[in-house]
Amino acid sequence: AGGLTRQRPQPQAIIRRDFRPSSLPRQQAGLLPAQTGQKIVRRDLDKTLRIIPLGGVEEVGRNMTVVEYQDDIIIIDMGLQFPEEDMPGIDYIIPNVKYLQGKEKNIRGVIITHAHYDHIGAIPHLIPKLGNPPIYSADLTLAIIRKRLEEYKTYPIKLEAHIINKDSKLKLGAFNVEFFGVSHNVPASFGVIVRTPAGIVLHTGDFKIDERSPIAGVTELDKLSRISREKPLLLMADSTNAREIGKQASELDIMTDIEEIVKSAKGRLIFGTFSSLLGRLNEIIQVGARHGKKIIIEGRSMKINVEIAKQLGYITIPKNTVIPVEEMKRYPDDKIMVLATGAQGEDRAVLMRIANREHRFIEPEPGDTFVFSSSVIPGNERTVQRLTDKLYREGIEVINYRMMDIHAGGHAKQEDLKKMIETVQPKFFMPIEGNHSFLRIHAKVAKRAGYDDKNILVADNGQVVACKDGVCALTKERVPTDYVFVDGLGVGDVGQVVIRDRQMLAEDGIFVVIAVVDSKTGKVKGSPDIISRGFIYLRESKDLLQQVRKRIRDIVDRSAPPGQETVNWAYVRDNIREQIGQFLYSKTQRRPMVLPVVIEV
């Protein structure tokens, strides 16, 4: 259906221009041969395969897995994690690569399974730290990585990028790497087959099984069935949707309902969805074109992704179908269809700006239909509800995935997870990509597929999984996986102490005490100044402030008695901080950050 089945143009020129890959000759289909660098003289090393998740097995996001055998390392994915609500000011979190420091020359390659930020988002920060190892991924994924790198022009990055596809084969040190196509909600997604001296290891990446529609790609169960005959050692599989029973919905059913919505709409149609759902976007564009709609694409990330996918042949746009938003008024409302970002209720995204009447060209009107063709990400429920309420106040019809089948997730549910395990038939099974509870539920799915507890490995971030002599086991060895916070241009310079300070400021505010002390007498001169932000309103708390000022004088008098030759002013400040903090809590049951400033004159 749509443009996903068309022959894609060769992408070499785009990737070569933007990635400056190695000058080695390209092979057919835009592939570059794997290069393993200089031959390493091996010591008599332990013949143990080590698998280390540096992220992604205690959370959704921050996916990064290290596969290590002697002096050879490959990395699968390098993603970011979005911050929790209790991490104020943090943009996102990336994996900790301290374990790989000093091993940069051993890294034979980084394999990226698909183009979602929880799998590619850390690349601009980590690739330079790891000695710029070669990256292997699909044409679409590499092009989206390129766009992300354009946001980091200050980084000294010249990627060695190698285009691969689901039929590629690579030799990376001790590893022979193959791939298998998977169905997901971004095209060109694949899983990884790693042939190691210790056995065959498979990593699914993000996947679902949709045997009825090729819109989101096809999970190659036939190839996996053939691999099963070789008795693979270990399967690592996506657990994101492990809590959901049954099978994931087919994109075919979704598009049937979406076509009905497009056909029956009497006014403007505004679709909100993720900018990465390129298969879905392509199909919506085809449906709109069939019904004579003029389509407007709004949202920076969506415009970029659609343009990249169009260049590479993953999306086809019929001539004269997509128009600039400025031309919208030239057409009747029932001919207008908008594809927009912001279905999660993000404050500055397109849908919220439309709902708030802050968009330059699109204002909500009675008769409009807003279609949310995406699920609600956990944690975004309130923002989505706020957006929905605003639209209903404008008299607008809102359709979401709870009302009609207009969204299919990109991750397998329990029945498809079980099918993946039964198809591959690994000796050992390791759930990945999800919170710990997700992994435990996925482990129960494996038990339903006939696996014993001793053959199911539920690891924590940084926990080393060792495979040797046909046996894989969790070890007690752990490598660092502390959060590395990205805040603006700062990477790793914000630690847990800073986060705790921000939490305190956000919860109870700050209380600044400024005392001028006479160096001769040790007495406070005048009245101590007090600055309060986010704690109390000074004009309405005069009695409390008078008590605080009196206590400050008493604390300084006791801490710096007259006649003392030298005064430990750090000790004085600590006393003020501790005692004023206790006093404020006793009066308000709140704990502001108390910041004492003592000036000696």
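For any residue, its number in my numbering is found by taking its place in the sequence shown, counting from 1, and adding 43.
Glycine residues also receive a C-beta, built at the ideal position from the N, C-alpha and C atoms.
With which residues is residue i paired in a DSSP beta bridge?
i	result
Val653	Given that the chain is displayed from residue 44 to residue 644, the structure contains no residue 653 and the question cannot be resolved.
Leu277	Val244 and Phe471
Thr239	Gly242
Val365	Ile338
Arg93	Glu111 and Ala509
Pro639	Val556
Asn498	None; Asn498 has no bridge partner.
Asn219	Lys214 and Arg238
Gln124	Ile136
Asp572	Ile557
Leu517	Val508
Glu102	Gly477
Lys251	Ser226
Tyr179	Ile154 and His205
Val567	Val560
For residue i, collect the residues of the same chain with a Cβ closer than 7 Å to its Cβ; drop the 5 residues on either side in sequence, then sort them by chain order.
i	result
Tyr628	Arg634
Ile360	Ile328 and Lys353
Lys290	Lys456, Glu458 and Asp459
Gln625	none
Ile288	Lys456 and Gln457
Lys630	Leu587
Gln632	none
Met130	Ile542
Gly438	Pro409
Tyr374	Lys337
Asn478	Glu101, Glu102 and Val103
Checking 8 Å against the spacing of the C-beta atoms, do residue i and residue j come in under that value?
i	j	result
Val435	Val441	Reading off the sequence, residue 435 comes out as Tyr, not Val. It is a contact, given that the beta carbons lie within the stated cut-off.
Ile340	Leu382	yes
Val644	Ser562	yes
Val153	Ile206	no
Glu102	Asp281	no
Asp265	Asp530	no
Ala502	Ile297	no
Leu245	Leu295	no
Ser416	Phe314	yes
Leu183	Pro257	no
Arg483	Gly505	no
Val305	Lys336	yes
Leu500	Phe471	yes
Ile150	Gly132	no
Leu321	Ile358	yes
Gly331	Met371	no
His467	Ile270	One point to set straight first is that residue 467 is Val, not His, in the sequence displayed. For Val467 and Ile270, yes; Cβs fall inside 8 Å.
Val610	Gly565	yes
Ala241	Lys511	yes
His159	Asn284	no
Gly552	Ser575	yes
Thr524	Leu192	no
Glu221	Lys214	no
Leu267	Ile243	no
I think residue i touches residue j, with their Cβ atoms under 8 Å apart; what is that distance to the nearest whole Å?
i	j	result
Ser232	Gly248	6 Å
Asp120	Ile155	6 Å
Met345	Thr384	5 Å
Thr91	Ala509	5 Å
Ala181	Asn208	6 Å
Ile351	Lys190	7 Å
Asn106	Gly122	4 Å
Ala492	Glu465	5 Å
Gly388	Leu430	4 Å
Ile166	Ile188	6 Å
Gly99	Phe125	Not a contact, Cβ separation roughly 13 Å.
Ala204	Thr316	Contact doesn't hold; Cβ gap of about 28 Å is too wide.
Ordered along the chain, which non-local residues of its own chain (more than five positions away) have a Cβ less than 8 Å from that of residue i?
i	result
Ser570	Arg592
Ile623	Phe554, Val556, Val591, Arg594, Ile595, Ile598, Val637 and Pro639
Thr364	Ile328, Gly331, Ala332, Lys336, Lys337 and Ile338
Ile170	Met121, Val153, Pro176, Ile178, Ile200 and Leu202
Glu406	Ile397 and Arg400
Given residue i, which residues of its chain have a CB within under 6 Å of its CB, disregarding the five upstream and five downstream residues?
i	result
Thr262	Val225, Ser226, Phe250 and Ile252
Ser480	none
His402	Arg396
Beta carbon of residue i: closer than 7 Å to some heavy atom of the ligand ATP?
i	result
Thr518	Annotation note on the ligand ATP: not contained in the displayed structure, which lists no ligands.
* At what residue ranges does the stretch 402 to 456 contain a whole run of the alpha helix (DSSP H), taking only runs of 4 or more? -> List check, alpha helix (DSSP H) in window: 424 to 436.
* For the stretch 141 to 168, which segments carrying the beta strand (DSSP E) assignment without a break, of at least 3 residues, lie completely within its bounds, in sequence order? -> Those beta strand (DSSP E) runs which fall completely within the stretch 141 to 168 and span 3+ residues are 150 to 154.
* **Runs of alpha helix (DSSP H) wholly within the stretch 575 to 631 (minimum 4 residues, chain order)** => Counting only runs of 4 or more, we get 585 to 602 and 612 to 631.
* Asked: Counting only runs that start and end within the stretch 281 to 311, where is the beta strand (DSSP E) found for 3 or more residues in a row?
  -> If you keep only unbroken beta strand (DSSP E) runs of at least 3 residues inside the stretch 281 to 311, you get nothing at all.
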